Amino acid sequence: MFTKVGVLALCAAASFNGATAAHHRHRHPKRDVVYAETDVVVVTEYETHTVYAGEEPTVSAASVPTSVQEAEKATTPPVQNTPVVVPTTTEAAPAPTTPTTLATLVKPSAVDIPIVSQAAAELETIAAAPTVVETTSAPAPAAVETTSAAPVAVEATTAAPAVVTSSSAPATTSAATSSTSGSKRGAAYNDVNMLEALLGKTNAISWVYNWGYDAGDLNVDVPYYPTMWGEKFAADWPAAAEAAIAKGTEVMFSFNEPDNAGQANMAATYAAAKHQEWMNPYAGQARIGAPAISSSENADQGIDWLNQFFDACDGKCQVDFCNAHWYGPGGDSGAELFLDHLKAVRDVEGCQGKSVWVTEFMPEGSDSDNETFLKKITESLESSDFDFVEKYSYFMVGVGASYLMSSETELNALGNIYANLS
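Quick note: the sequence shown, position 359, residue 360 per this note's numbering, numbers continuous.
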């Protein structure tokens, strides 16, 4: 048992040691500050690298050690790469009920893509599709499958231009028509050299055209007739027409298959207004054809379109002859269909009393059927039964079994028939 004196002695000793310990924490203030600051830096840096976006805990700032012993203890072990999990009492935010993304997807607008040659296409830079950034906050948007359809021809919805309301009928053409005498046969071409090769072998061709208003480097003794193909050539047409008239042209063709979405593509009422604007000024200086129609029997095409055209003209369109195209089967049956089509064009009210020109036609059968077809229609068109057909032109001066050439300089079987060489 301790005596009272012993207890007092022990208390005195404890009091002295406590005082000494209490004074010890202030003996090395610099060391204390340095270690405390180092500890704070280490903790802050470590938390920055291990806490991920969206998972930040809402905890108070790390406490600074209050003693040198605590600082020394904190700095004793080496820094480890093991991630430190910081406990938190904050509940995780609930997942959003509505999917969200980091980027707004905008449906691209339709862009007209021009047709280009293969060489040009290789030089073009293809813009990559926008990259969609996926996030874990929502599922990726479902892909929308699109089908690239062929362009759909749309008739202009704007009102037709105002038409000159002259009460007088279109002028009667007084241009010479000597070129319409003799052979009815013409040649539709794109290549001048092939055309000249054909003309060098026969005198059965009495006129030529190329769907445009520039003959190219053509040097032949047969007349060339210009065409006002369609609206996209409107700016150049007046000067081209004047130049053609100055060179002595006697015939001008109006629009190329405006009833066909793949060609001039014009509503009949609109074509009537534009025919008056672009073709009527040359009445009396050249013979002017009606727009060349296809042989389609669909509504708003072929003969149906031509009837609508003349109705819209209301007697104000200068038309000296009607113009038709035809494509169909070969053989005798195809030839009959072709000849019936020409009679139907002749019977259109606006074509009555006018001649008919056929500026494109081609059978689409076997080689033998096509030869049979061409022999029959050339014989028929040159007969008195079809004296209403003033001119006709096969499609076309080109290389191929269905065309007229076997090479750039030689005729094939159809070419020999057409040139009256067989």
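We put the beta carbon where it would ideally sit given N, CA and C, even for glycine.
The structure presented is a predicted model; accordingly, all values stated were derived computationally and were not measured.
Beta-carbon proximity check, residue i vs residue j, cutoff 9 Å
i      : j      : result
Tyr393 : Leu405 : no
Cys318 : Asn257 : no
Leu219 : Glu251 : no
Leu199 : Ala188 : yes
Ser297 : Asn266 : no
Thr360 : Gln309 : no
Phe311 : Gly351 : yes
Phe254 : Asn324 : yes
Tyr210 : Ala245 : no
Gly249 : Pro224 : yes
Ser403 : Leu412 : no
Trp306 : Ile289 : no
Phe387 : Leu343 : yes
For residue i, the three-state DSSP class (helix, strand or coil)
i      : result
Asn397 : The identity of residue 397 in the sequence shown is Met, whereas the question assumes Asn. It is a strand residue.
Val346 : helix
Cys318 : coil
Met445 : Any question about residue 445 goes unanswered here, given that the chain covers just 2 to 423.
Thr481 : What the structure shows of the chain is the stretch from 2 to 423, and residue 481 is not part of that stretch, so it cannot be assessed.
Leu11  : Any answer about Leu11 is weak, because its pLDDT of 44 lies below 50 and its placement is not dependable; what the coordinates show is given next. Here Leu11 sits in helix by DSSP.
Ala265 : coil
Phe339 : helix
Ile289 : strand
Val209 : strand
Thr228 : strand
Ala402 : coil
Thr410 : coil
Trp327 : strand
Ala198 : helix
Ala472 : Residue 472 lies beyond the residue range present for the chain, which begins at 2 and ends at 423; the question has no answer from this structure.
Ala313 : helix
Ala235 : coil
Ala247 : helix
Ser423 : coil
Trp279 : helix
Thr203 : coil
Asn299 : coil
Gly183 : coil
Glu380 : helix
Asp305 : helix
Val193 : helix
Asp386 : helix
Asp333 : helix
Asp370 : helix
Sequence-distant residues of the same chain with beta carbon closer than 6 Å to residue i, five excluded per side
i      : result
Gly331 : Pro364, Gly366, Asp370, Asn371, Phe374
Leu422 : none
Ala313 : Ala269, Thr270, Ala273
Tyr395 : Tyr419
Ala336 : Phe374, Lys377, Ile378
Pro259 : Ala265, Met267, Ala272, Pro292
Ala241 : Tyr214
Ser407 : Asn413
Phe234 : none
Residues near residue i by beta carbon distance below 7 Å, same chain, minus five either side
i      : result
Asn194 : Glu409
Phe389 : Arg347, Ser356, Val357
Ala205 : Ser184, Arg186, Ala420, Asn421
Tyr283 : Ala242, Ile246, Met253, Ile289
CB-CB length for residue i against residue j, believed under 8 Å
i      : j      : result
Trp238 : Trp279 : 6 Å
Lys202 : Ala420 : 6 Å
Val398 : Asp222 : Not confirmed; about 16 Å, so no contact.
Ser207 : Gly183 : 6 Å
Bridge partner(s) assigned by DSSP for residue i
i      : result
Ala216 : According to DSSP, Ala216 bridges with nothing at all.
Phe254 : Thr228
Lys392 : Trp358
Ile418 : Answer by DSSP bridge pairing: none, since Ile418 is not bridged.
Ala188 : Val209, Tyr395
Ile294 : Ala325
Ala284 : Ala287
Chain-order list of residues whose beta-carbon lies under 8 Å from that of residue i (same chain, five-residue window excluded)
i      : result
Asp333 : Thr373, Phe374, Lys377
Gln391 : At residue 391 the sequence reads Glu, which differs from the Gln that was named. Thr181, Lys185, Phe322, Ser356, Val357, Trp358, listed in sequence order.
Ala345 : Ile304
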